[in-house]
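Novice:
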Amino acid sequence: MKHRTNRILQASLTVVMACTLLLAVIYIPLQPEAAAEAGQSQEADYPAYVLKDYHGKIAVFETSKDQPDIVFDVYVSTLPEFDQQALQTGVFAQDMKELNRLIEDYTS
51 MKHRTNRILQ ASLTVVMACT LLLAVIYIPL QPEAAAEAGQ SQEADYPAYV
101 LKDYHGKIAV FETSKDQPDI VFDVYVSTLP EFDQQALQTG VFAQDMKELN
151 RLIEDYTS
């Protein structure tokens, strides 16, 4: 009787361990993907760059910084009034592709 109880206990523990391992294998790989998706949606909501007037010239800033990364030798005063006003408040870009498009638009 004792031998049979030990066998049942061992079998039960084996099943529990197998289920735990299976859940770990399924759940753990999903966590980085969920974190990456959350990070992407958060990044998409918050612009990475801003193009704006800096001492009369067009400059690129990271949105979290006060000093420009790049200052172009293009005077804001030479642009149409609408563009000048937009650069006073800042023109935001979500990513480098959009930033490059804006730079091309404002500097050419």
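The numbering of the sequence shown is the numbering used here, which starts it at 51 and goes up by one.
Note that beta-carbon positions come from the ideal geometry of N, C-alpha and C, so glycine has one too.
#1: Please list, in chain order, all residues of the same chain as Leu73 whose beta carbon is under 7 Å from its beta carbon, the five residues on each side excluded.
#2: With distances taken from CA atoms, which of Phe122, Leu149 and Asp116 is nearest Gly106?
#3: So what's Tyr156 in DSSP terms, helix, strand or just coil?
#4: Could you give the distance in angstroms between the alpha-carbon of Leu152 and the alpha-carbon of Val124?
#5: Can you tell me whether DSSP reads Lys102 as helix, strand or coil?
#6: I need the straight-line Cα distance from Asp103 to Val141, nearest angstrom please.
#7: Sort out for me which residues DSSP pairs Glu112 with in a bridge.
#8: Considering Cα atoms alone, identify which of Gln117, Asp155 and Gln60 is closest to Asp133.
Specialist: Reading off the structure:
#1: Because Leu73 sits at a pLDDT of 49, beneath the cut-off of 50, its placement in the model cannot be relied upon, and the following sentence gives the value as read from the coordinates. Counting only Cβ-Cβ distances below 7 Å, and skipping sequence neighbours, we find nothing.
#2: Phe122
#3: helix
#4: 13 Å
#5: strand
#6: 10 Å
#7: Tyr99
#8: Asp155
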